[in-house]
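Protein chains in written order, with the numbering used here: chain A, 1 to 304; chain B, 1001 to 1304.
Following this line, the structure appears as structure tokens:
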């Protein structure tokens, strides 16, 4: 079965993942905002560690009303725009459409499911370093694995097909048996390093080079793990050590939230911080440090 | 009994409190660092809400070896220099000298007592807005109350005389029955606002205007109160609300640590943050948020 894909938010993630699918022969319809004119005239350029490629003709749109209904919708925009999602997605739905939210954080699927009752929703986690360097021009620097998991998809065969399509397109992809577990697991790294690089106005390597912030990052990781445990997801404490070791070996890195801050864009505070704090709190565990970081980020966002 | 006073660290605090004593007729010997030449030639100028005054001739020194032994030594320098204190103080001691550490934080007296065994030590808490605006020129903006308490002073009569001397010099002064209680109580305000104005690079009014940081300040105050409780000091939770109300009514204010940060001076992290965290921890209470703020400040200090 050939899947007709739609990509909502064609930036660093959507441009790369959608572009890889197109290159592998899949039918992909891309929604653009400001880059629409440029891509219509010049196509999409992907410079990737897997090999550069240019797609001279892509199915580009600036208005969802012009797009066809899709079997699978890859949502690749920042969660700060998620309040707009239902309106953007409704015109693309048929009775069996599956929406995959390739976004960071916790609780995104629930919010969308509340707004679009009866619609099949999945989540996707991108382990990738990728930036949009200019209009229609993506720079894929490293990694790229995509983990997909069902939120309320009744027939997971379509997700298996999506995973197979990505694998055929040379994107490492896998199906998660437990989407919420995977989301919490990704937060173990995202929570300390996204927020701390913003509040300390620095990069991951400097946080790791200082004994105090290295210790703080580890403590915050353990807090997230304990929060996940309390919510019923059996993440192990040893995962924190693994993430610390990985970060020590990384090249200096500014996570996506730090880039948002630097470019004066809204930060993804709600789904990366507020929802995890709320969920852990509802389960009876106070994530003191994560909650404090959330409040510091809210202050910075309000005063930027 | 007339007391011979020595002032170590003649800046915003030492210049004001020592100057007020001199004006009231007390004998005060002042140790200066960089301002010595200026004060020897021009005297000390205090612009105060209590009335401006000029002291053309002050007993100024640049070297403790030149100073006489003193009955009471008022230590008014930043705690970041406390490792130098024993060497500075020893030449000024006679058998009954009392040292009063008019400094912020917790555990200062114990550290000095360990280094100067057998010497009488007290603590002082200054509730004052005062700045040094140039060499030998102090600007006293508001408040000024001095709370003095014994750490290991066997005969508290001398402290009573000191309090009376200050009162006679129009400085509101009182004796604390419980120095450690008073130090914890002052930390309830100092801990959230000194560090948070640095980490968020802002002033008290902006922290209070944002619902997230206002809430965080309150939570941190309660953490300090619970830390004090666990250490045996019966501070009440209602004191946090009182401090929040007071801060809401204050004019925009940059606490001393924020000024230290702005002027690239070392910050008083050890006695305002590390010691309270250690003391509460040793008593079995983890001050999560205070500990996090301490680590953030350590990072900022190391990377400034």
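C-beta: ideal position from N, C-alpha, C; glycine also.
Within 7 Å of the CB of residue 212 of chain A, the CB atoms of chain B belong to 1295, 1298 and 1299, in sequence order along the chain. Segment contact: the segment 1276-1287 of chain B against the segment 1216-1233 of chain B, three or more CB-CB distances shorter than 8 Å; contact assigned. Classified as buried, residue 255 of chain A has 16 or more neighbouring CB atoms from the shown chains inside 10 Å of its CB. A distance below 8 Å separates the beta carbons of residue 1184 of chain B and residue 1233 of chain B. Nearest neighbour of residue 1016 of chain B by Cα position, chosen from B:1159, B:1052 and B:1001, turns out to be B:1052. In this structure the segment 262-276 of chain A touches the segment 187-201 of chain A; the number of beta carbon pairs closer than 8 Å is three or more. Comparing alpha carbon positions, the residue from B:1125, B:1150 and B:1294 closest to residue 1143 of chain B is B:1125. Between residue 247 of chain A and residue 208 of chain A, the gap from beta carbon to beta carbon is short of 8 Å. Taking 8 Å as the cut-off, the beta carbon of residue 92 of chain A is found no closer than this to the beta carbon of residue 121 of chain A. Nothing from the segment 1223-1244 of chain B brings a Cβ to less than 8 Å from some Cβ of chain A.
Bridge partners of residue 143 of chain A according to DSSP: A:128. When CB distances to chain A are screened at a threshold of 9 Å, not a single residue of the segment 1244-1256 of chain B falls below it. Within the model, the alpha-carbon separation for residue 21 of chain A versus residue 1302 of chain B is close to 47 Å.
With at least 16 other beta carbons inside 10 angstroms of its own, residue 1097 of chain B counts as buried.
Contact between residue 1119 of chain B and residue 1099 of chain B holds: CB atoms are separated by about 6 Å, below the 8 Å threshold. With respect to the C-alpha of residue 1130 of chain B, the residue from B:1240, B:1239, B:1045 and B:1004 having the closest C-alpha is B:1045.
DSSP places residue 15 of chain A within a helical segment (H, G or I) once states are collapsed to three. In chain order, 1288, 1289, 1291 and 1292 make up the part of chain B whose C-beta sits under 9 Å from the C-beta of residue 289 of chain A. Under the three-state reduction of DSSP output, residue 283 of chain A falls in the coil class, being neither helix nor strand. In the DSSP assignment, residue 149 of chain A forms a beta bridge with A:123 and A:176. In terms of beta-carbon proximity, residue 104 of chain A stays away from the interface with chain B, with every pair separated by 8 Å or more. According to DSSP, residue 1045 of chain B shares a beta bridge with B:1054 and B:1137. Counting only Cβ-Cβ distances below 9 Å, residue 1267 of chain B has no contacts in chain A at all, with the closest Cβ about 13 Å away. Under a 10 Å Cβ-count criterion, residue 1257 of chain B is classified as buried, with 16 or more other Cβ atoms of the shown protein chains found around its own Cβ. The Cβ atoms of residue 1239 of chain B and residue 212 of chain A do not sit closer than 8 Å to each other. For residue 1029 of chain B, the beta-bridge partners assigned by DSSP are B:1006 and B:1059. In the structure shown, the three-state DSSP call for residue 1222 of chain B is helix.
Each residue's CA atom was taken as its position, placing residue 1199 of chain B and residue 90 of chain A some 43 Å apart. Secondary structure at residue 1101 of chain B: strand, using DSSP grouped into helix, strand and coil. For the set A:230, A:243, A:268 and A:296, the Cα lying nearest the Cα of residue 279 of chain A is the one of A:230. For the C-beta of residue 202 of chain A, the chain B residues within less than 9 Å are, from N- to C-terminus, 1299 and 1303. Where residue 162 of chain A is concerned, the enclosing alpha helix (DSSP H) starts and stops at 157-168.
Think of a sphere of 9 Å around the beta carbon of residue 199 of chain A: the chain B residues whose beta carbon falls inside it are 1199, 1200 and 1296, in chain order. Within a 10 Å sphere around the beta-carbon of residue 1294 of chain B sit 16 or more other beta-carbons, which makes this residue buried. Distance from the CA atom of residue 7 of chain A to the CA atom of residue 31 of chain A, rounded to whole angstroms, is 6 Å.
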